[in-house]
Each structure stands twice: as structure tokens, then as C-alpha cells.
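One structure is given here, and the rest of the page talks about it.
This is the structure in C-alpha cells:
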């Protein structure tokens, strides 16, 4: 079993945790439906890059 030689410093601990911060999501507006959505994702009404991807379910 591996045993560390010395205690990691506060600096190294901080470097390891640096990517765990809260991210601010980048939103885009669809050209056709004018809806806000996450980049590279379709909107809630199934539009992506101005094109309808899926048909709506009608009950």
C-alpha cells in the first residue's frame, strides 16, 4: 500500500480543489424561437439552430 512521504501543503490542496468552483452557465438565444437555452443544447420547445428536432406530444 502506498504511504505519502510528507503532508500535502495548503497550496497543493487549493490547486486540487480549484476546478470545483460554481460555474456560470453560458446561455444563448435561438434564432427562430427566441428562447434562451444552454449552448449546444436544444430549447424547451425542441428547437436547435433554428430547426425543430422533435415533434410535440399531443394528448
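Residue numbers (this note's numbering): 74 to 132.
Here a beta-carbon is modelled for each residue, glycine too, at the ideal position from N, C-alpha and C.
Could you have a look at residue i and say whether DSSP puts it in helix, strand or coil?
i, result
"residue 74", "coil"
"residue 96", "coil"
Nearest CA to the CA of residue i: which residue from the options?
i, options, result
"residue 122", "103, 83, 79", "103"
"residue 112", "82, 101, 125", "101"
"residue 105", "124, 79, 92", "124"
Can you tell me where the beta strand (DSSP E) holding residue i begins and where it ends?
i, result
"residue 109", "109-111"
Looking at residue i: is its Cβ nearer than 8 Å to the Cβ of residue j?
i, j, result
"residue 126", "residue 109", "no"
Do you know offhand how far residue i's Cα is from residue j's?
i, j, result
"residue 120", "residue 95", "28 Å"
"residue 82", "residue 90", "13 Å"
"residue 75", "residue 117", "50 Å"
Where do the N-terminal and C-terminal ends of the alpha helix (DSSP H) with residue i fall, by residue?
i, result
"residue 85", "83-90"
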